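All letters in the sequence shown, in the order written, are residues 1 to 286 by the UniProt record's numbering.
Glycine residues also receive a C-beta, built at the ideal position from the N, C-alpha and C atoms.
Since the structure is predicted, the reported quantities are computational estimates derived from the model, not experimental observations.
In what follows, a structure is listed as structure tokens, so that the remarks can point back to it.
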Amino acid sequence: MTIQWFPGHMAKARREVSEKMKYVDIVFELVDARLPLSSRNPMLDQIIQQKPRLVLLNKADLADPQQTKLWQQYFRKQGHQALAITAQESKGIKALIPAAKEALKEKRERDAARGIKPRAIRAMVLGIPNVGKSTLMNRLVGKKIAQTGNKPGVTKGQQWLRLGSELELLDTPGILWPKFEDEEIGKKLALTGAIKDQLVHLDDLAIYGLDFFARYYPNKISERYGLSPEEEQQIAPELLMTITQRRGYRDDYDRGSELVVFDIRQGKLGRYTLDRCEEMEETTHE
1 MTIQWFPGHM
11 AKARREVSEK
21 MKYVDIVFEL
31 VDARLPLSSR
41 NPMLDQIIQQ
51 KPRLVLLNKA
61 DLADPQQTKL
71 WQQYFRKQGH
81 QALAITAQES
91 KGIKALIPAA
101 KEALKEKRER
111 DAARGIKPRA
121 IRAMVLGIPN
131 VGKSTLMNRL
141 VGKKIAQTGN
151 KPGVTKGQQW
161 LRLGSELELL
171 DTPGILWPKF
181 EDEEIGKKLA
191 LTGAIKDQLV
201 HLDDLAIYGL
211 DFFARYYPNK
221 ISERYGLSPE
231 EEQQIAPELL
241 MTITQRRGYR
251 DDYDRGSELV
261 VFDIRQGKLG
271 RYTLDRCEEM
281 EETTHE
């Protein structure tokens, strides 16, 4: 299964974001906690460069909590602050400003030494589609949405959204899309719903998902679908056939595939993380 995905406006979005980078103190990089690496835009390092960043692992309520902790440690080792949040339920949002202050500690100390008074932190939220950027912006701004007008030197039309006295968000219209060559990343994004279902084969996706759960969370499949110990040992394509028949769909494997994929997406097989931190550490040490 090769996922073809060629968004035409990627270069334009990249240019827009690069131009705006000079107006912000920090970048809030939003990723999906279930795939903290696969949901990052590979071009982001190039665009952000040395700018401080706070990595926000969103949808943490759907991810494996143990893996989320490991990923937070991983990002901190890379020199970034990292927070687990669930924007949909406003969980973890309160920790955002203290974490941003921590990330900017050195800069603020330098400013203070030069007699520059502290001002509101200016931030930009970046993330690929479907990681929850709009939800986060709405939760942060809430009903207190206020446009602070154009800052000196800022291109007309860019909106600054003020959040109390401590944080201002630059509302960026440009969306950064990932360009992935790796088929595995495509499957992971598709399984979590980040890619339109019309672009993928759901049976391939269901088999990929069952394969993954059989490897990392084996009891979750049998719990959800009431499988016997013998059935549990089946390889993924056979498992899909068994589940389809068990649900009364006979040979309608398209329907069975849809069931499995949506069950995984909605967390009906439990919390899971597709990007495994321990495997990342292994490849780093090789």
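Indicate whether residue i and residue j have their beta-carbon atoms separated by less than 9 angstroms.
| i | j | result |
| --- | --- | --- |
| D32 | L57 | yes |
| A60 | A82 | no |
| L30 | V141 | no |
| A63 | Y272 | yes |
| A206 | G256 | yes |
| L167 | A120 | yes |
| D275 | R34 | yes |
| K51 | V27 | yes |
| P42 | F75 | no |
| L239 | L210 | yes |
Helix or strand or just coil, what does DSSP make of residue i?
| i | result |
| --- | --- |
| L227 | coil |
| K261 | Here the sequence assigns Val to residue 261, which means Lys is not the residue at that position. Reduced to three states, the DSSP call for V261 is helix. |
| Q147 | At Q147 the pLDDT is 42, less than 50, meaning the model places this residue with poor confidence; the figure from the coordinates comes in the next sentence. Looking at Q147 - three-state DSSP - the assignment turns out to be strand. |
| V131 | coil |
| Y253 | helix |
| G142 | helix |
| G270 | coil |
| I221 | helix |
| T155 | Unreliable positioning characterises T155 in this predicted model, as indicated by a pLDDT of 40, which lies under 50. The coordinate reading is nonetheless provided below. In the structure shown, T155 sits in coil (DSSP, three-state: anything other than H, G, I, E or B). |
What are the boundary residues of the beta strand (DSSP E) that residue i is part of?
| i | result |
| --- | --- |
| D171 | 167–171 |
Quick check on the DSSP output: the alpha helix (DSSP H) that includes residue i runs from which residue to which?
| i | result |
| --- | --- |
| R246 | 236–246 |
| R215 | 202–216 |
| I185 | 183–191 |
Pull the bridge partners of residue i from the DSSP assignment, please.
| i | result |
| --- | --- |
| R162 | E168 |
For this session: Identify every run of the beta strand (DSSP E) within the region 69–127, keeping only runs that are complete inside it and at least 3 residues long; order them along the chain.
Result: Qualifying beta strand (DSSP E) stretches, in chain order: 81–84, 121–126.
Problem set entry | Whole alpha helix (DSSP H) elements within the region 5–57, 4-residue minimum | 10–20, 44–48, all fully within the region 5–57.
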